[in-house]
Amino acid sequence: MHDAVAALIAQDRPVEAPQWHSFWDRLGDGALRRGESVALLASLSTQMPGRATLTALLDSLAERRPEQRTGRPEFDGAVNIVGTGGGPSTLNISTAAALTAAAMGTRVVKTGSRAYTSRLGSLDLLERLGIETTSTYEQTHDMLERCGIAFAGPFVYPAELGLLARSVLPLDIRRLGRFVNAVGPFLADMPVAAQLTGISDPRLVAGLRHAAEHTARRTGRSVWLATNDTGADELIGFTTNLVRTYEGGGEDEFTLAGAALGLRPGTVSDLRPGDDPVKDVLDLLAGRGRPAAEDAVCLNAAALAVAGRLTGDWHQALRGARAVLTDGSALALVDRLRRATEVAHA
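In this text, residue positions in the sequence shown follow this note's numbering: the first is 1394, and each later residue adds one.
Dropping the structure here:
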């Protein structure tokens, strides 16, 4: 058994960078023994690894990336919103919030994945909407400049994740990949200024606080981690949200209480998708959504505006978010992105 897998199963010593590099090398060469990838993912998903193991894992994947920074466009002032997955099945709040924030004037570059527990993940929703994700940094920059928002495709993630997924077939990576979903927001190589990540499972908080701190230090971006008692991986308007921020080597925290911000009461059932999740999102962007769902979208969009330094006033940010839903700007942005996709394929 590979030493990295043995150490994770035994939980008696950290997995250090050379062991991770050895595992990735053998994965890429197709030289792992049968079941080692399954054992690795199952171990990681059963218990969040310790600080030393997690640091070595994140660094090993970052170090294996092809050298792309020379000449790569930077996305000045852009922000990202991406959750850890899991939690109750809800509307795709983060994608709707990204579109809302962009319609307000916040520069947004969003990463995402396919569905984990929701009916439609970010990539699933975009596919159904007719909006194409980008496949290079140059495409991402061009789309950001044209539309104020871009949705980055899987190219931003380490190639090793795809190899892992293929190596466990025919088993379902969604069941084995809970850990990958959780740390995915910190694996995307995306040169944004700030990132908002919601955590659905409180058991992951300690490990992801370290991942956020490590990412902020390594990349220079501001990382916001959000939790609340609903188990959703987004900010929710009818409860109190705890937000931890990581920037410049420091950690800070604040709370966002929906009632204090004038947001309306609700329950998790108000956030669940209906029979047509795409129509639900379009209704939200047109200002016709359920009040609690609309408030969640506006609160997350406001957070992106504040994180992106469009404004420092939360009440102003919320008013701006609600305005672009009611005046049609958010829905019009969907049409612009659809047309950009059509032009690209013309």
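Ideal Cβ positions, reconstructed from N, Cα and C, are used throughout, including at glycine.
These figures come from a predicted structure and were not determined experimentally.
DSSP three-state assignment for residue i, whether helix, strand or coil
i       : result
GLY1479 : coil
TYR1530 : helix
GLN1404 : coil
ASN1485 : coil
THR1633 : strand
THR1660 : coil
VAL1561 : coil
ASN1693 : helix
GLN1412 : helix
MET1441 : coil
ARG1419 : helix
MET1394 : coil
ASP1676 : helix
Continuous alpha helix (DSSP H) stretch holding residue i: start and end
i       : result
ASN1574 : 1571–1576
LEU1580 : Neither: LEU1580 is in no alpha helix (DSSP H) and is coded neither H nor E.
PHE1468 : Here PHE1468 belongs to no alpha helix (DSSP H), and DSSP marks it neither H nor E.
VAL1549 : Element bounds for VAL1549: n/a, residue is neither H nor E.
GLU1735 : 1722–1738
THR1448 : 1444–1456
LEU1654 : Note, LEU1654: premise wrong, no alpha helix (DSSP H); not H, not E.
Enclosing beta strand (DSSP E) for residue i [first to last residue]
i       : result
PHE1647 : 1643–1650
Residue i - partner residues in DSSP beta bridges
i       : result
ASN1473 : GLN1588
PHE1544 : LYS1503
TYR1639 : VAL1616, GLU1644
Short Cβ contact (9 Å threshold) for residue i with residue j
i       : j       : result
ARG1665 : THR1477 : no
HIS1603 : LEU1447 : yes
MET1583 : PHE1416 : no
PRO1670 : ASN1485 : yes
CYS1691 : LEU1711 : yes
ALA1490 : LEU1537 : no
ALA1723 : ALA1545 : no
LEU1425 : HIS1395 : yes
VAL1475 : ALA1586 : no
Inter-residue CB distance, residue i and residue j (contact presumed, cutoff 8 Å)
i       : j       : result
VAL1636 : PHE1647 : 6 Å
THR1608 : PHE1579 : 5 Å
LEU1557 : LEU1420 : 7 Å
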